[in-house]
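Visitor: Going by the numbering used here, the sequence shown opens with residue 21, and the numbers climb by one from there.
The structure's right below; bear with me while I get my questions together.
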Amino acid sequence: MSFRWLLIISALATTACDPDTAVFVEAELTNGNIALQSSSLGVGIGGSFVASLHLGDRASGPSEVQLRSISLTNADRTQSYVDLQALTDVPFPVTVGVDDTVDVTFTFNPDDNFGETTLQDELCPGPLVIVGVFEGSLRGGSIDAATEAFTPTGCP
21 MSFRWLLIIS
31 ALATTACDPD
41 TAVFVEAELT
51 NGNIALQSSS
61 LGVGIGGSFV
71 ASLHLGDRAS
81 GPSEVQLRSI
91 SLTNADRTQS
101 YVDLQALTDV
111 PFPVTVGVDD
121 TVDVTFTFNP
131 DDNFGETTLQ
141 DELCPGPLVI
151 VGVFEGSLRG
161 GSIDAATEAF
171 TPTGCP
């Protein structure tokens, strides 16, 4: 093989090997869980998850990310049960820099997420996922992600 071909192959290999192609913010939700607290008045939903918001090194600049919604759905996301109110350890909007990841922990308080007693019957069979919808300033559209499926605790 000629020296010229080695240079061409080397140049192609170095330009094609960067696996981080996130030019818009990507979201990944992990550690999703909920605990149901039932009473004669209804059921409270407590729990948490972590959102990892990532922007790759090829982005044109930082992105400001807004939280649009958080909901609890069945595992295949065909049935939405309730929109959730959450506290976060990082205030929104969140700025995600180029080649950076920002982790945000969301916590649900049962007093803020209270539903009718029939909600427990819908949620307890599981499996469930928490779905987060975000909007990044670079994309201008929504970014949605879901946790892995889980079964709630606190079921009878």
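Each residue gets a CB set at the ideal place from its N, CA and C atoms; glycine is no exception.
#1: Where does Phe-137 sit, in a helix, a strand or coil, going by DSSP?
#2: Answer with yes or no whether the minimum CB distance from Val-43 to chain C is below 7 Å.
#3: Tell me whether Leu-56 sits in a helix, a strand or coil according to DSSP, three-state version.
#4: With H, G and I counted as helix, E and B as strand and the rest as coil, what does DSSP make of Leu-73?
#5: Rounded to whole angstroms, what's the CA-CA distance from Leu-158 to Gly-135? Just pull it up for me.
#6: From what residue to what residue does the beta strand (DSSP E) around Thr-115 run?
Guide: Inspection of the coordinates gives the following:
#1: On the sequence shown, residue 137 is found 117 positions in, with the first residue counted as 1. It is Thr, not Phe, that sits at residue 137 in the sequence shown. Thr-137 falls in the coil class under three-state DSSP.
#2: Although the question refers to chain C, the structure presented lacks it and comprises just one protein chain.
#3: Counted from its first residue, the sequence shown places residue 56 at position 36. Of the three classes helix, strand and coil, the one that applies to Leu-56 here is strand, per DSSP.
#4: Numbered from its first residue, the sequence shown carries residue 73 at position 53. Strand, per DSSP.
#5: As a working note, residue 158 is residue 138 in the sequence shown. As a working note, residue 135 is residue 115 in the sequence shown. Their backbone Cα atoms lie some 36 Å apart in a straight line.
#6: Within the sequence shown, the letter at position 95 stands for residue 115. Looking at the DSSP string, the run of the beta strand (DSSP E) that includes Thr-115 is 114-116.
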